[in-house]
Amino acid sequence: EEFRKLPDALERAAQLDKEYGRNPDLEALPMYCVAFSWKSWYDAKDMRATGGNDVNFTMDAPALDSTDVADLRAKGAISFAIANASGTGGPTAGGRASPDVPVLLEANSAYGVWGGQPCNPYDTERVPRGTSSGSGVSVAANLVACSVCEQTSASCKGPASRNNVVNLLTSKGVTGD
Numbered sequence: 002e003e004f005r006k007l008p009d010a011l012e013r014a015a016q017l018d019k020e021y022g023r024n025p026d027l028e029a030l031p032m033y034c035v036a037f038s039w040k041s042w043y044d045a046k047d048m049r050a051t052g053g054n055d056v057n058f059t060m061d062a063p064a065l066d067s068t069d070v071a072d073l074r075a076k077g078a079i080s081f082a083i084a085n086a087s088g089t090g091g092p093t094a095g096g097r098a099s100p101d102v103p104v105l106l107e108a109n110s111a112y113g114v115w116g117g118q119p120c121n122p123y124d125t126e127r128v129p130r131g132t133s134s135g136s137g138v139s140v141a142a143n144l145v146a147c148s149v150c151e152q153t154s155a156s157c158k159g160p161a162s163r164n165n166v167v168n169l170l171t172s173k174g175v176t177g178d
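To convert, take the position in the sequence shown, counting from 1, and add 1; that gives our numbering.
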């Protein structure tokens, strides 16, 4: 119960609806009630994130949102989930992600040690690709309308192409504008 200090997605949507009614000012709140997931590398103050790494915490959540998360919330976005991500050079680097991961998922599997293996929602034996695979999968499975990922190599473009979703790859500083 200590973890449940902040409202979940449905409670936040109800708060926004109560505060702004049926005709919110979309100039001020362009992301009004749009459900988002955040790659595990982003901090969301109401959700546990491990950066995809094997972190030995119970239900720790950061005290503050990352800048992008805070900006989107201020514009009316709803934080729905942390998207699974693999670690930085962790279990997928240079070999098999886990003995439990099917061979078809080995290449660029993005196995997250806390969240496990994300699967393409159209074919669970197809590789969702990249460290941002959880972001691509969460949009493809219609769990969220948008997800914020992080591009290193092709970790945003890959999951978008493999999970049949649109990817908008911005430059630094453009996301919040």
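Idealized CB from N, CA, C, for every residue including glycine.
- Query: Can you tell me whether Q16 is buried or exposed, with buried defined as 16 or more other CB within 10 angstroms of its CB?
  - Reply: exposed
- With hydrogens ignored, establish whether the beta-carbon of S148 is closer than 6 Å to any heavy atom of the ligand SAM. The ligand SAM is absent from the structure shown, which contains no ligands of any kind.
- Message: What would DSSP say about K40, mapped onto helix, strand or coil?
- Response: strand
- Segment contact, 8 Å Cβ cut-off, at least three pairs: the segment 129-140 with the segment 22-33: no
- Item | Nearest to L144 (by Cα), restricted to the options R130, N164 and A82 | A82
- Query: Between E86 and S41, is the Cβ-Cβ spacing less than 7 Å?
  - Reply: The sequence shown places Ala at residue 86, rather than the Glu named in the question. Cβ atoms of A86 and S41: closer than 7 Å.
- Task: Specify, as a first and last residue, the run of the beta strand (DSSP E) that A82 falls within.
- Result: I79 to A84
- Task: Grab the span of the alpha helix (DSSP H) containing V140 for me, first residue to last.
- Result: S134 to A141
- Query: Short check: CB of V70 to CB of Y33, under 7 Å?
  - Reply: no
- How would you call Y112, buried or exposed, if buried means at least 16 neighbouring beta carbons within 10 angstroms? buried
- Task: Would you mind sorting V149 into buried or exposed? The rule is 16 or more other CB atoms within 10 Å of its CB.
- Result: buried
- Task: Determine the contact status of N164 and A146, defining contact as a CB-CB distance below 7 Å.
- Result: no
- Task: Please classify A84: is it buried, with 16 or more other beta-carbons within 10 angstroms of its beta-carbon, or exposed?
- Result: buried
- Item | Candidates P31, A29, L27 and V35, of which the one nearest R13 by Cα | V35
- Task: Could you check which residue in L169, E126, A50 and A45 has the C-alpha nearest to that of T68?
- Result: A45
- Message: Given this structure, state the Cα-to-Cα distance separating V167 from A161, to the nearest angstrom.
- Response: 6 Å
- Mind checking whether K181 and P8 have CB atoms under 7 Å apart? Summary: the structure shown does not reach residue 181, with the chain confined to residues 2 through 178, and so no result is reported for it.
- With a CB to CB cut of under 8 Å and the five nearest residues on each side skipped, what residues in its chain are close to Q152? S133, K158 and L170
- Message: Taking 7 Å as the threshold (C-beta atoms), are A62 and R49 in contact?
- Response: yes
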